Each structure stands twice: as C-alpha cells, then as structure tokens.
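Protein chains: 2
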Amino acid sequence: MSRIAFLECAVCGNRVSAEEPQTVCPVDAGSLMVRYDLEALKQTAKRENVAALGATPGRSVGMWRYADVMPDVDPVTLGEGFTPMLQSQRYDGLVVKEEAANPTGTFKARGMAAAVSMAKHYGLKHLAAPSAGNAAGALAAYAAAAGITAHIFMPKDVPFANILEAKAYGADLTLVDGLISDCGRMVAERIAEQKKLAAAGEMPANEVWFEVSTMKEPFRVEGKKTMGYELVEQLGWKYPDAVMYPTGGGVGLIGMWKAFEEMEALGWVSGKRPKMYSLQAAGCAPLAKAFGEGKTRSEFFAGAETMASGLRVPKPYADWMVLEIVRESGGEVIAVDDKAIFDSVGDWGRNEGLLLCPEGAAATASYDKLLAEGKLTASDRVVLFNTGAGLKYVDTIAEAWGIRREVVLPKALPVGGIITPV
Amino acid sequence: MSRIAFLECAVCGNRVSAEEPQTVCPVDAGSLMVRYDLEALKQTAKRENVAALGATPGRSVGMWRYADVMPDVDPVTLGEGFTPMLQSQRYDGLVVKEEAANPTGTFKARGMAAAVSMAKHYGLKHLAAPSAGNAAGALAAYAAAAGITAHIFMPKDVPFANILEAKAYGADLTLVDGLISDCGRMVAERIAEQKKLAAAGEMPANEVWFEVSTMKEPFRVEGKKTMGYELVEQLGWKYPDAVMYPTGGGVGLIGMWKAFEEMEALGWVSGKRPKMYSLQAAGCAPLAKAFGEGKTRSEFFAGAETMASGLRVPKPYADWMVLEIVRESGGEVIAVDDKAIFDSVGDWGRNEGLLLCPEGAAATASYDKLLAEGKLTASDRVVLFNTGAGLKYVDTIAEAWGIRREVVLPKALPVGGIITPV
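Read top to bottom, the protein sequences are chains V and R.
Residue numbering for the first sequence follows the UniProt record's numbering, beginning at 1 and increasing consecutively.
Residue numbering for the second sequence follows the UniProt record's numbering, beginning at 1 and increasing consecutively.
The structure is reproduced here in structure tokens:
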C-alpha cells in the first residue's frame with residue numbers, strides 16, 4: 001500500500017495510518033479520506049497507461065484500470081466498473097452511465113470491491129453494515145468471494161431481490177422493522193457490545209465485527225471515486241457541463257469530486273468542473289431541504305417514505321460534504337416525487353430502451369425538470385447516473401404501475417394456440 | 001455493408017444478398033450465415049487494433065470493438081458485450097464469462113443488438129419473435145432504442161421479470177399458454193396471414209412483421225459470435241481447453257464456432273480449438289438425447305419441464321449444427337436435473353460471490369460432473385458461460401430454495417429496534 005501517504009479526517013485534518021484498519025477519525029469521528037503522494041505519482045501515473053491497462057488481454061476491463069490511484073493490494077474483483085456510457089436517443093448532450101452493468105447490478109459494487117479488498121488485506125474476518133438494500137447485496141457478494149462473513153442489517157421492506165441475494169451469498173442477514181438509520185444504530189450497538197466482551201476476554205478480538213458503513217471507513221469512497229475517473233476518460237479526458245447523481249448517502253458524489261481533485265493534480269484533466277446535481281425523492285429529501293434552507297448540515301428527515309428504496313436515507317453521515325460540493329460546483333439538490341420517478345421509468349423504457357432503477361429515474365425526472373426550467377439545455381453535456389438495474393425493482397415497478405402479477409386467463413383466438421393478451 | 005460478401009445457407013450452400021432483409025434460405029429454409037471476404041480482410045483487420053478500438057476514449061467498451069468482422073452499419077447499442085471474464089475462487093483453470101453484465105441482464109443482448117441494428121438499417125418497422133423469456137427483453141429494449149415495434153410471444157410462465165421488462169420497453173406482448181415452440185408457430189402463422197393480406201392490398205407491406213426468431217435471420221449469430229472473439233482475446237489470443245455453454249437454441253455455440261473459423265482465417269488465433277460442452281436441463285434435453293443416441297438431429301422433447309426457463313426449448317431449429325460442432329470439437333452434450341442446478345446456484349453464491357442464472361448453473365453443475373468423472377481437471381483452462389443475471393430469476397430461485405417471501409413477524413430483541421432474523 002506504499003502508494004497511500006496517509007488517511008486524513010475530512011473534518012479536522014487529523015492524519016492516521018492506513019497500515020491498520022481504520023473506521024472514522026479518533027478525534028472527532030469525521031470521515032477518513034485516503035491521500036496519496038500525488039506529486040510523486042504525477043511522474044509515473046499517466047492517463048495513456050490507463051487505457052492500455054484496461055485493454056490488456058487476460059484482464060477484465062474494470063475500475064482497477066485506475067490502479068495507479070488505488071490501494072496496491074490484490075483486488076477481490078467480480079468485474080466491477082468501467083460501465084458503459086450511453087448516448088441518449090433523444091437528448092444530444094445527455095449520456096447515461098449505466099451502473100446496472102456492475103456485479104450485483106448496482107454501483108454499490110465499486111465501493112464494496114475496494115472495502116472488501118482492503119478488509120482481506122488487513123485479515124479481517126467479519127464485516128458489518130446497515131444497508132438500504134443494494135449495498136447489502138454488494139457487501140455479501142464480495143465477502144463471499146473473499147471468504148469473509150458479512151453481517152447485514154436492512155429494512156424489512158427492501159425489494160425482495162435484496163433479501164434473496166444477501167441469502168444467496170451466505171450473509172448473516174437481519175431484517176429490521178425500521179429505516180437504515182435504525183439499522184445503523186443497531187450495527188453500532190452490536191459492535192460496542194462485542195468490543196466490551198473482547199476487552200473482558202469473553203470473546204476473541206478477531207471475531208469483533210468491523211463496520212463498513214457509508215463514510216465510516218475510508219475505502220468505499222476509493223471504489224466509488226472511479227465513477228469520476230471513468231466519466232472523464234470516457235468523454236476523452238474532458239469534464240462534462242453537469243453530473244446528475246441520485247443521492248442516498250452521497251458516497252459517489254463525494255468520491256467523484258475527490259477523483260476530479262486527484263486528476264487535476266495528476267494533470268489528467270483541467271478546466272471547469274461540472275455542476276454537481278444531487279437528486280433525491282420528495283419522500284426522503286434531507287439534503288434538498290438543507291440545500292433550500294441554505295444550511296450546511298441536514299436534519300433527520302422524519303417519516304421518510306419513498307418507493308425508491310436506495311434514497312431512503314433520512315440523515316446522511318457526510319451530509320455536509322455533499323452540500324459543500326454541490327454549492328461549490330454551482331449545482332443543486334433536487335427532490336422529485338414518486339409519481340414523477342415511476343413515470344420517468346416508463347418514459348425511458350419505451351423511448352430509450354433502458355429499464356432504470358427508481359433512483360436513476362429520480363435523476364431523469366430531475367433532468368426533465370431542469371430542461372423545463374431552462375437551467376439545462378438538451379445540448380449541454382450532461383452525465384446522468386443510472387445507479388442500478390431496474391430488474392432489482394421488478395415488484396416495486398409493477399406495483400407503481402399497477403401491473404398485476406397474475407396472468408389473465410387464456411382465451412381462444414382465431415389463429416392457433418391459447419393466448420393471453422397483456 | 002461492403003464488408004459482407006454474401007449470406008450462405010448452412011444446409012445447401014445457396015448464396016443470397018445481404019443488401020435486403022433475409023430470413024431463411026429460399027431453397028430449403030436452412031439458416032443463413034453471414035460470410036465476409038476474410039482473405040481481403042486479413043490485410044487490414046489486425047487483432048492489435050481491436051484492443052485499441054475498445055480503449056478509445058468516448059467509446060463504451062463492447063462487442064462493437066470487433067467492427068472489422070461485423071456488418072458496417074450504425075449500431076443500435078445499449079453497451080452490450082465485452083463482459084468480464086472472472087477467475088474462479090476455487091478452480092485454478094476455470095474462468096466465468098459473466099454475461100449478466102449485458103444490457104437487459106443476459107447474453108441475448110448481443111444477438112438482438114446486431115439483429116435490430118440491421119433491421120433499422122433495412123428500414124423495418126415491425127419485428128416479431130417467440131422467446132423463452134430473455135430474448136424478449138433484449139428484443140424489446142433494442143427495438144425501443146431503435147424506434148421499432150417489437151411483437152413478442154412467450155410462455156405465460158416465464159419469470160415475471162421477463163414480462164415486466166417487455167412491458168416496460170413498450171413491446172406488443174402476448175403470453176402463451178404453451179412452450180416456445182407454440183409461440184414460434186403462432187408468430188409464423190401471424191406473419192403468413194399478414195403476407196396474404198398485404199398481397200391482396202388489404203394491409204401495407206411495411207406493416208408486415210419481420211421474424212427474428214433464433215436461427216431464422218442471419219444477424220443474431222453475428223452478435224452472439226462476439227462471445228467467441230472475446231473469450232479468445234481475454235485469454236491473450238489463445239484457445240481454452242474447453243468451453244461450457246448452456247444450450248437452449250444454441251445460437252451462441254454456433255456463433256462461437258463461426259468466430260473461431262473467422263479468427264483462424266484472419267490469423268488472430270491458431271492451435272487446437274476448445275472442446276465444446278453443450279449443457280441442458282434433464283427436463284428438456286433434446287440435444288443431450290440425440291447426442292447420446294448418436295443422432296444428427298433432435299426429436300421434439302415431449303413434456304418439457306424445467307425451472308431453467310431459458311433451456312425450455314424442445315426442438316432447436318439448428319439442432320444439427322450444435323450436434324455437429326460438439327462432436328467435431330470432442331465435447332459432449334450433458335443434461336443435469338433442476339435439483340443439481342439450484343444446488344449449484346447456492347454453491348456459487350456462497351463460495352464465489354456470483355448469483356448465477358439457472359441456465360448458467362446448469363453449466364457449473366455439469367462442470368462438477370465432468371470433474372467427478374475425471375473428464376476435466378481443475379487446472380484445465382475452461383471458459384464457462386453464465387448467460388444471465390440470477391436477479392432475473394429471484395422468484396424462481398426463492399421457490400426452488402423454499403424461501404418464503406413473507407417477512408417473519410418482528411419480535412423484540414435486547415439491543416434496540418424491532419428485528420426479524422431470516
């Protein structure tokens with residue numbers, strides 16, 4: 001891991017070593033960011049090599065093509081990253097980063113691939129995290145590949161696909177009658193209990209769970225930041241005018257901004273950074289509320305309710321970082337309601353051939369809103385993230401559209417066979 | 001399309017032009033194969049350029065990196081192909097081609113991307129196909145992207161994900177109380193009727209459906225063949241010892257063999273071709289039966305029943321081609337039962353971090369069988385295809401494993417929150 005200089009607290013700047021597992025800053029519990037010696041790296045890390053690395057026969061093309069700015073450990077990989085950038089059929093300037101192409105069908109694979117690779121490097125045996133659904137599937141998959149036990153807490157009303165995949169990957173799964181915030185509290189309580197037991201010699205220290213919650217360990221950001229490297233590389237090492245990103249915990253947005261800083265320091269890109277648009281669901285919009293009120297932190301969003309389960313995060317741990325980045329970039333935090341979200345899922349299915357996840361559709365619905373308000377034009381270069389596969393939300397989408405699962409009884413038709421029009 | 005020399009009937013060798021839409025051979029209804037002037041191409045088409053093309057900034061990496069040996073039309077693309085090749089965690093020689101990374105979550109995207117790109121080039125407005133499920137989703141998605149109407153017939157008991165995606169992409173969907181063979185017959189009957197009406201001037205000719213059924217139009221094979229190009233490129237332009245391929249209609253296996261022929265003619269690869277293992281479900285194993293009986297054609301498999309819906313093809317149209325290739329390669333056609341299939345889904349989830357589709361698990365279960373019989377060793381270089389995302393089979397897998405969808409009633413626990421152990 002020679003490449004990593006130190007871990008730095010995003011709040012107080014305190015520095016800690018990456019030679020051993022770290023969660024948050026020991027001083028003020030701020031999120032720890034991975035810092036490299038970019039001045040030294042600038043001499044050796046060339047963007048030309050990235051494409052060459054990605055094209056090396058025998059490798060799968062993926063996020064590890066950016067190895068120069070990642071921890072140098074053996075990656076636990078399932079083929080994550082370097083997802084397609086798709087040209088919209090209708091809007092000249094709009095391209096979609098199709099994160100459904102990732103393992104477990106969502107962008108969560110990037111962060112968990114990095115976090116689990118580090119956990120394996122550190123020799124950790126038990127990883128724990130709360131999840132709104134998709135992080136659970138990703139953690140469970142990479143933990144299975146690494147021979148590590150995943151302990152997962154998620155709301156019991158997540159899409160069934162999230163429950164089945166966690167089970168399929170052999171995770172220790174707990175369904176919670178509450179929100180991800182309740183899950184997070186319970187993970188923290190479990191670990192606090194275990195640490196007491198371990199301190200009292202009543203439990204082996206290496207059986208204490210290690211928490212990989214959003215922004216509470218340094219490496220999920222390192223995985224997610226590759227979205228920023230990719231979008232710049234796929235645009236020919238140029239910045240777009242805007243990035244539209246569905247925001248639950250905000251790790252991806254924080255990671256992309258970090259990627260832009262690093263790429264500028266390395267001389268890989270220059271010019272004006274994109275406006276960062278953070279998209280939420282009206283039923284759970286703590287960041288949109290704080291942004292509108294000009295606040296630097298969000299408040300717990302009471303009564304959070306949206307069918308876009310990935311956006312059901314009532315109090316993001318690093319809310320202040322997201323708000324700061326959005327404001328610095330000249331972007332906005334926008335909230336759209338579930339009707340607009342599921343209408344947009346249908347619109348993009350019929351007209352673009354993409355089955356978006358509800359979170360991705362929060363971005364497309366917001367894009368429509370910004371076009372209507374004249375804040376964006378169809379020719380502006382916009383990178384919009386579809387953060388996951390609509391296929392993980394089959395029941396949710398069917399429910400939102402009022403599609404009955406029962407097949408209508410067959411009736412005879414003039415031309416052979418018994419058929420059922422739908 | 002200057003690159004294409006002609007279309008050749010796989011049965012009688014009859015040649016027809018690719019300048020206009022073609023289905024099957026006008027002489028004997030044999031499948032038409034796309035032939036290029038490989039001698040001429042050999043001078044210009046270099047394998048080195050392939051990687052360079054794939055690595056070009058601004059392009060998504062995908063199957064169109066093999067443009068030199070594809071029709072030169074504007075592709076209708078959703079980011080299909082160049083899927084990850086994953087090293088097994090347990091078997092040194094085994095790598096998995098993870099086709100779940102494709103648009104619509106399965107390998108069907110490759111064939112439909114090529115077929116729909118050609119349909120758009122020809123100016124066709126209506127495409128029709130029977131489907132065991134996943135071809136329908138792929139056809140519907142690419143048709144939506146191309147502004148073409150897709151008319152789809154599939155068994156009413158396909159996974160719900162297949163029904164929802166077809167609807168989401170705006171397809172004209174008909175659910176049939178029967179098998180894909182019934183669906184195929186109905187598509188043929190519809191089109192025959194339409195042609196009569198068109199001939200009688202009672203229907204506009206351009207509203208007659210064009211059939212893109214398996215092996216009944218030339219370009220789905222061209223899309224699927226890229227799996228053969230990719231596996232050779234990803235192994236450093238070398239052949240593996242064996243390829244394991246779940247077989248419904250067999251287009252991919254036929255396509256890969258075609259790719260090997262083309263690559264040898266172009267000087268891109270040489271040496272002994274891999275043994276081709278064709279994998280089926282015991283509940284619908286027409287090819288395994290014919291192979292075992294030393295026959296050159298299969299018989300309609302009566303009472304076909306398996307939860308691996310993609311393998312529910314009782315009489316593949318090009319059965320003789322699959323059998324010929326498997327025999328020529330020194331491979332086998334193997335059938336495994338549904339219990340072995342869903343046990344293997346669990347095994348690969350827990351131990352490899354991959355949620356296989358049932359069809360892919362027919363391949364992994366067969367791999368175990370060949371290891372046990374000593375016909376393969378763990379160090380043999382084997383490329384195994386997971387043809388799609390297990391996420392498209394959530395209900396099927398849950399049913400096979402006896403997982404109840406209802407969440408168990410919450411009970412209080414000592415440490416905060418109401419939780420539900422699963």
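Note that CB positions come from ideal geometry on N, CA and C, so glycine has one too.
Every value quoted in this text rests on a predicted model; they were computed, and no experiment measured them.
Could you spell out where the beta strand (DSSP E) holding residue i opens and where it closes?
i, result
"V:Glu20", "Premise fails: V:Glu20 is in no beta strand (DSSP E) and is neither H nor E."
"V:Pro246", "242-246"
"R:Leu384", "382-386"
"V:Ile152", "149-155"
"V:Val73", "Here V:Val73 belongs to no beta strand (DSSP E), and DSSP marks it neither H nor E."
"V:Ala5", "4-9"
"R:Val95", "94-98"
"V:Leu32", "32-36"
"R:Gln87", "85-87"
"R:Val176", "172-176"
Report the rounded CA-to-CA distance for residue i versus residue j, giving the unit in angstroms.
i, j, result
"R:Gly346", "V:Asn134", "19 Å"
"R:Cys357", "R:Thr364", "11 Å"
"V:Met244", "V:Phe385", "6 Å"
"V:Ala138", "R:Thr149", "36 Å"
"V:Arg15", "V:Tyr239", "31 Å"
"V:Tyr393", "R:Leu355", "16 Å"
"V:Ala146", "V:Asp37", "29 Å"
"V:Trp209", "V:Asp172", "12 Å"
"R:Glu8", "V:Phe153", "58 Å"
"R:Thr77", "R:Glu261", "26 Å"
"R:Gly271", "V:Asn49", "31 Å"
"R:Leu32", "R:Pro246", "23 Å"
"R:Leu164", "V:Gln22", "44 Å"
"R:Gly249", "R:Asp74", "27 Å"
"V:Leu376", "V:Tyr367", "8 Å"
"R:Val408", "V:Thr174", "A caution first: R:Val408 carries a pLDDT of 37, below 50, which makes its placement in the model unreliable, though a value can still be read off. If you take the alpha carbons of R:Val408 and V:Thr174, they lie about 11 Å apart."
"R:Lys108", "V:Asp28", "51 Å"
"V:Trp237", "V:Gly267", "10 Å"
"V:Glu373", "V:Ala259", "30 Å"
"V:Val95", "R:Ala199", "44 Å"
"R:Gly310", "V:Asp157", "30 Å"
"R:Lys289", "R:Ala282", "9 Å"
By Cβ distance below 6 Å, which residues in the same chain neighbour residue i in space, the five residues on each side in sequence not counted?
i, result
"V:Tyr91", "Ala378"
"V:Phe219", "Ala114, Ala115, Met118"
"R:Ala361", "Ile341, Ser344, Val345"
"R:Asp68", "Ala45"
"V:Gly331", "Lys275, Met276, Tyr277"
"R:Arg35", "Ala5, Phe6, Glu8"
For the alpha helix (DSSP H) that residue i lies in, which residues bound it at each end?
i, result
"R:Glu207", "Element bounds for R:Glu207: n/a, residue is neither H nor E."
"R:Ile397", "394-401"
"R:Pro314", "Per DSSP, R:Pro314 belongs to no alpha helix (DSSP H) and is neither H nor E."
"R:Lys369", "358-372"
"V:Asp182", "180-199"
"V:Tyr142", "134-146"
"R:Val116", "108-122"
"R:Ala128", "Unbroken run through R:Ala128 is the beta strand (DSSP E), 126-130; no alpha helix (DSSP H)."
"V:Gly228", "226-234"
"R:Leu266", "251-266"
"R:Leu164", "160-168"
Near residue i, which residues of its chain fall below 7 Å by C-beta distance, leaving aside the five closest residues on each side in sequence?
i, result
"residue 463 of chain R", "Given a span of 1 to 422 for chain R in the structure shown, any question on residue 463 of chain R remains unanswerable."
"V:Asp395", "Pro159, Phe160"
"R:Met186", "Phe153, Val176"
"V:Val326", "Met276, Ser278, Phe291, Glu332, Val333"
Within its chain, find whatever has a CB closer than 8 Å to the CB of residue i; leave out the 5 residues flanking it on each side and keep chain order.
i, result
"R:Arg190", "Ala128, His151, Trp209"
(request) Ignoring anything shorter than 3 residues or poking outside the region 269-354 of chain V, list the beta strand (DSSP E) runs there in chain order. (result) Here the runs fully enclosed are 275-281, 333-336.
(request) Pull out every residue of the region 105-120 of chain R whose Cβ sits closer than 8 Å to any Cβ of chain V, in chain order. (result) Within the region 105-120 of chain R, Gly105 place their CB atoms closer than 8 Å to a CB of chain V, listed in sequence order.
(request) Would you list, in chain order, the members of the region 355-367 of chain R that have their beta-carbon closer than 8 Å to a beta-carbon of chain V? (result) For the region 355-367 of chain R, the set of positions with a beta-carbon nearer than 8 Å to some beta-carbon of chain V reads Leu355 in chain order.
(request) Return the residues of the region 62-92 of chain V that lie within a Cβ-Cβ distance of less than 7 Å from chain R, sorted by chain order. (result) Look at the region 62-92 of chain V: the residues with a C-beta under 7 Å from a C-beta of chain R are Gly62, Leu78, Gly79, Phe82, Pro84, Met85, Leu86, Gln89.
(request) Determine which residues of the region 381-407 of chain R have a Cβ less than 9 Å from any Cβ of chain V, and write them out in chain order. (result) Per Cβ criterion, the list reads Ala389, Gly390, Leu391, Lys392, Val394, Asp395, Ile397, Ala398, Trp401, Ile403, Arg405, Val407.
(request) Using a Cβ-Cβ cut-off of less than 9 Å, give me the residues of the region 123-148 of chain R that come near chain V, in sequence order. (result) Those would be Gly137, Ala140, Ala141, Tyr142, Ala143, Ala144, Ala145, Ala146, Gly147, in chain order.
(message) Short of 7 Å Cβ to Cβ, which residues in the region 168-192 of chain R face chain V?
(response) Close to chain V, meaning a Cβ-Cβ distance shorter than 7 Å, are the following residues of the region 168-192 of chain R: Ala168, Tyr169, Gly170, Leu173, Thr174, Leu175, Val176, Asp177, Gly178, Asp182, Arg185, Met186, Glu189, Arg190.
(request) Using a Cβ-Cβ cut-off of less than 8 Å, give me the residues of the region 331-351 of chain V that come near chain R, in sequence order. (result) Listed by position along the chain: Val345, Gly346, Gly349, Arg350, Asn351.
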